[in-house]
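Trainee: Before I ask anything, here is the structure I am working with.
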Amino acid sequence: MKFSVLTIFPEMVNAFAQYGIIRRAVESGRIAVDAIDIRDFAEGRHRVTDDRPYGGGSGMVMKPEPLAKAIESARRENPESPTILLTPQGRPFDQQTAESLARCKGLVFVCGRYEGIDERICESYIDEEISIGDYVLTGGELAAMVIIDAVTRLVPGTLGNEASAASDTFSDDLLEHAHYTRPPIFENNAIPEVLLSGNHSAIEAWRLESSLIRTFLKRPDLMETRRLDHREKEILKKWMRHLETLIGG
Ligand code: ADE
135 MKFSVLTIFP EMVNAFAQYG IIRRAVESGR IAVDAIDIRD FAEGRHRVTD
185 DRPYGGGSGM VMKPEPLAKA IESARRENPE SPTILLTPQG RPFDQQTAES
235 LARCKGLVFV CGRYEGIDER ICESYIDEEI SIGDYVLTGG ELAAMVIIDA
285 VTRLVPGTLG NEASAASDTF SDDLLEHAHY TRPPIFENNA IPEVLLSGNH
335 SAIEAWRLES SLIRTFLKRP DLMETRRLDH REKEILKKWM RHLETLIGG
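Take 135 as the starting number for the sequence shown in the working numbering and just add one per residue.
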């Protein structure tokens, strides 16, 4: 999977690619992160990439010519990769979008700065607009890195343990269960005993219960659209009985 990131701050992206799982994925050749400096495609001694907006107003707009050239160059290198603009006006990014992007051969990201990019680039060069949330960043670079991070961990082999992506929070619309490691007692707080039992089916049942209760408490919106299977209904009924005992007593 090749990620090309068009930016006026390529060093931000290069630094990101030097740590942790992303670095290992690059080193093993599973992904490539190519930061392309839009300024390299700008004309003139000063290589200007922005200009004042037509019609007046505050802020600057990214000029179309350097962007068009940079996108064309990235596309020549990745002919089958969609071109994605990072913008707060885009489609909200989520795990499902990460999964569908992970099936692409590559992705070309266009990172806007200032007030945004010339609209004619959006019309003629951009395949998809994506937002990472309802807030405004100073540029698209962090958003591109968020997406690269989420997509990379779905590329086979990058996590080392394939099971961990499958059990992820959101992969089946539930939050992930609680995790514990040594020591078994920390500040007088012991881990759930079942995790020491060696009984794998009991541990699996505990994890499902932990997932359900966390989702119910932290993200009840996720439960609203989800169909519960028989085991999950039984767990919820058990809580109902507990609650009824508490309320009744
Ligand atoms: N650029 C600025 N804000 C952004 C956001 N929320 N998502 C994606 N790109 C952005």
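All C-beta atoms, glycine included, are put in the ideal place defined by N, C-alpha and C.
1. Counting beta carbon pairs with one atom in the stretch 243-259 and one in the stretch 285-295, are three or more of them shorter than 8 Å?
2. For a test of the three-state rule: what should DSSP assign to arginine 362, helix, strand or coil?
3. Starting from proline 200, follow the alpha helix (DSSP H) in both directions and report where the run begins and ends.
4. Might you give, ordered along the chain, the residues of its own chain that have their beta carbon closer than 7 Å to the beta carbon of alanine 151, omitting 5 neighbours on each side?
5. Restricting to Cα atoms, I'd like to know which of Arg173, Ile218 and Pro216 is closest to glutamate 199.
6. Entirely within the stretch 234-270 and at least 3 residues each: give me those beta strand (DSSP E) ranges in chain order.
7. Is the shortest distance between the beta-carbon of aspartate 283 and the beta-carbons of chain C less than 7 Å?
8. Quick one: is the Cβ of proline 200 within less than 6 Å of any heavy atom of the ligand ADE?
9. I want to check one thing, is the minimum distance from the CB of proline 290 to the heavy atoms of the ligand ADE below 6 Å?
10. Using only the heavy atoms of the ligand ADE, determine whether one of them is closer than 6 Å to the beta carbon of isoleucine 172.
11. Taking DSSP as the reference, what is the three-state secondary structure of isoleucine 218?
12. With 16 as the cutoff for other CB atoms within 10 Å, does glutamate 275 come out buried or exposed?
13. Within this structure, are the beta carbons of serine 265 and glycine 224 separated by less than 7 Å?
14. From threonine 272 to alanine 339, what does the alpha carbon distance come to, in whole angstroms?
15. Reducing DSSP to helix, strand and coil, say where asparagine 323 ends up.
16. Over what stretch of residues does the beta strand (DSSP E) that includes isoleucine 172 continue unbroken?
17. Are the Cβ atoms of glutamate 327 and isoleucine 369 separated by less than 7 Å?
Mentor: With the structure as the only source:
1. no
2. By one-based count along the sequence shown, residue 362 stands at place 228. The sequence given here places leucine at residue 362; arginine does not occur at that position. The answer is coil: DSSP assigns leucine 362 none of H, G, I, E or B.
3. Working through the sequence shown from its first residue, we reach residue 200 at position 66. Its alpha helix (DSSP H) spans residues 198-211.
4. Walking along the sequence shown from the start, residue 151 turns up at place 17. Counting only Cβ-Cβ distances below 7 Å, and skipping sequence neighbours, we find Arg157, Val160 and Val167.
5. The count along the sequence shown starts at 1 and reaches residue 199 at position 65. When each option's Cα is compared against that of glutamate 199, the closest is Arg173.
6. 240-245 and 262-265
7. Here chain C cannot be found, since the structure has a single protein chain.
8. Here the question's residue 200 lines up with position 66 in the sequence shown. Answer for proline 200: no, Cβ out of range of the ligand ADE.
9. Reading the sequence shown from its first residue, position 156 is the one you call residue 290. False, no ligand heavy atom lies under 6 Å from that Cβ.
10. The count along the sequence shown starts at 1 and reaches residue 172 at position 38. Flag unset: Cβ of isoleucine 172 not near the ligand ADE.
11. If you number the sequence shown from 1, residue 218 lands on position 84. Reduced to three states, the DSSP call for isoleucine 218 is strand.
12. Taking the first residue of the sequence shown as 1, we reach residue 275 at position 141. Classification for glutamate 275: buried.
13. Counting from 1 along the sequence shown, the entry for residue 265 is found at position 131. Counting from 1 along the sequence shown, the entry for residue 224 is found at position 90. Contact flag set, yes.
14. Within the sequence shown, residue 272 is the residue found at index 138, counting from 1. Within the sequence shown, residue 339 is the residue found at index 205, counting from 1. Going by the C-alpha atoms only, they are around 45 Å apart.
15. For this step, residue 323 is matched to residue 189 along the sequence shown. Three-state DSSP puts asparagine 323 in a strand.
16. Residue mapping note: residue 172 aligns to position 38 of the sequence shown, counting from 1. First-last for isoleucine 172: undefined, no H or E at that position.
17. Within the sequence shown, numbered from 1, the residue matching residue 327 stands at position 193. Within the sequence shown, numbered from 1, the residue matching residue 369 stands at position 235. For glutamate 327 and isoleucine 369, no; Cβs fall outside 7 Å.
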